[in-house]
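Those protein sequences? They're chains L and D, same order as listed.
Position in the first sequence (first residue = 1) + 560 = our numbering.
Position in the second sequence (first residue = 1) + 560 = our numbering.
There are 2 protein chains.
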Amino acid sequence: MKIGELAQRTGVSIRSIRYYEQQGLLSPLRQENGYREFSTFAEEQIRTIQLYLTLGLSTEQIAYFLHCVMKNKEAFCQEVLPLYEQKLTEINLQIQNLEHIKSNLEERILSIHNEQEHLASNQKLL
Amino acid sequence: MKIGELAQRTGVSIRSIRYYEQQGLLSPLRQENGYREFSTFAEEQIRTIQLYLTLGLSTEQIAYFLHCVMKNKEAFCQEVLPLYEQKLTEINLQIQNLEHIKSNLEERILSIHNEQEHLASNQKLL
DNA sequence: CTTGACCCTCACACTAATGTCATCCTTTAT
DNA sequence: ATAAAGGATGACATTAGTGTGAGGGTCAAG
């Protein structure tokens, strides 16, 4: 199938499919006219790529184990686990950081509200 | 004081200070030779900018209320509260998203471990 | 007068996946 | 034969703050 059909079937833009190829995630054959020729297998492959992207892995990381994962189950690919664990560590750090900011923001919002109430009650007294 | 001294006193790079000026957060005077001339007040201003940056506000957002905040307390600046609340909403969305990814990753890691144990015990039987 | 330490502006690099546009080629339908 | 649809490549834009380097002034000490 040609790239347009693959894009439509997967919901991934043509641009992105070309990018995945450039990053070594896909290796479509070429027709004589230069058009990319994708097997039906590519459809599953694209969905798999998308899945890993939503997990926050980079195309480079995905390229590192995709060939294995497409043939076996994840658990059979040594490359996957360390990346998952590394990503999990990153995510935890990010969450921690965000929680920190969040509580800071909440404190500030609260104290603004308090000060404004205080102001309002002073106004009442006048 | 000149930019180098200000950078040293605040720990913020010269590059960043110039950038803040470009974004309208600072308006140093200029000496006749073109050098920026900062008041001691700029030091506090830089620290305030940094504080808001760590809260995840953009220089554009900071520019929007900095003039007020530098003169009054936050609570007196109408512009601040909506930005805080907007940022808080964003942060909560990000956290939610990260938690989602996190649990997905954890599940996958767990299931890989399980499968590998399963594999190992099968090997023992041989 | 020279050296070295500062200062200036301008501009590119970075991250990473995707959008978008320009220009050109191929195929298919009219 | 021509027009429309779709494919190819290449390149720039996006985000936002910061690093870095070029090329060139300024100033003070020796």
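Built from N, CA and C at the ideal position, the CB exists for glycine as well.
Please read all numbers here as calculations on a predicted model, not as lab measurements.
Since D/Thr585 contacts D/Leu611 with CB under 8 Å, what's their CB separation in whole angstroms?
It is worth fixing the name first, because residue 585 of chain D is Leu in this sequence and not Thr. So it is not a contact: roughly 12 Å between Cβ atoms.
Quick check on the burial criterion: 16 or more other C-beta atoms within 10 angstroms. Buried or exposed for D/Phe598?
buried
Quick one: list the residues of chain D neighbouring L/Glu659, beta-carbon separation under 9 Å, in chain order.
Ile651, Ile655
What in chain L is Cβ-close to D/Ile672, meaning under 8 Å?
Glu634, Ala635, Val640, Leu641, Tyr644
Please name the residue, chosen from D/Met561, D/Lys647, D/Gln656, that lies closest to D/Gly616 on a Cα-to-Cα basis.
D/Lys647
How is the alpha helix (DSSP H) around L/Phe636 delimited, first residue to last?
Following the DSSP letters along the chain, one finds L/Phe636 in no alpha helix (DSSP H), marked with neither H nor E.
If we ignore side chains and look at the alpha-carbon of each, how far apart do D/Ala680 and L/Ala567 end up?
41 Å
Specify, as a first and last residue, the run of the alpha helix (DSSP H) that D/Gln605 falls within.
601–614
Give me the Cα-Cα distance between D/Ile563 and D/Ile577, rounded to the nearest whole angstrom.
8 Å
Note down, in chain order, each residue of its chain lying with its Cβ closer than 8 Å to the Cβ of L/Ser587, except the 5 sequence neighbours on either side.
Glu581
Under 9 Å Cβ-Cβ, which residues of chain L neighbour D/Glu620?
Per Cβ cutoff of 9 Å: no residues; D/Glu620 is ~18 Å from chain L at best.
Using only alpha-carbon positions, find the residue among D/Ile655, D/Ala623, D/Asn593 that is nearest to D/Gln605.
D/Ala623
Mind checking which residues open and close the alpha helix (DSSP H) that includes L/Val572?
Where L/Val572 is concerned, there is no enclosing alpha helix (DSSP H), given that its DSSP letter is neither H nor E.
Using the beta-carbon of each residue, which ones in chain D are nearer than 8 Å to L/Lys662?
Leu648, Ile651, Asn652, Ile655
Check whether the Cβ atoms of L/Ile651 and D/Ile661 sit closer than 9 Å, and answer yes or no.
yes
Taking only three categories from DSSP, how would you classify D/Glu565?
helix
Using a Cβ-Cβ cut-off of 9 Å, state whether L/Arg668 counts as contacting chain D.
At a cut-off of 9 Å between beta carbons, L/Arg668 contacts chain D.
Going by C-alpha distance, which of L/Met561, L/Gly594, L/Ile609, L/Arg569 is nearest L/Tyr579?
L/Ile609
Residues in its own chain within less than 7 Å of D/Leu589 by CB, not counting five upstream and five downstream?
Same-chain partners within the cutoff: Glu597.
Would you report the Cα separation of D/Thr570 and D/Met561, rounded to the nearest angstrom?
Take the alpha-carbon of D/Thr570 and the one of D/Met561: they are about 12 Å apart.
Can you tell me where the alpha helix (DSSP H) holding L/Tyr624 begins and where it ends?
619–629
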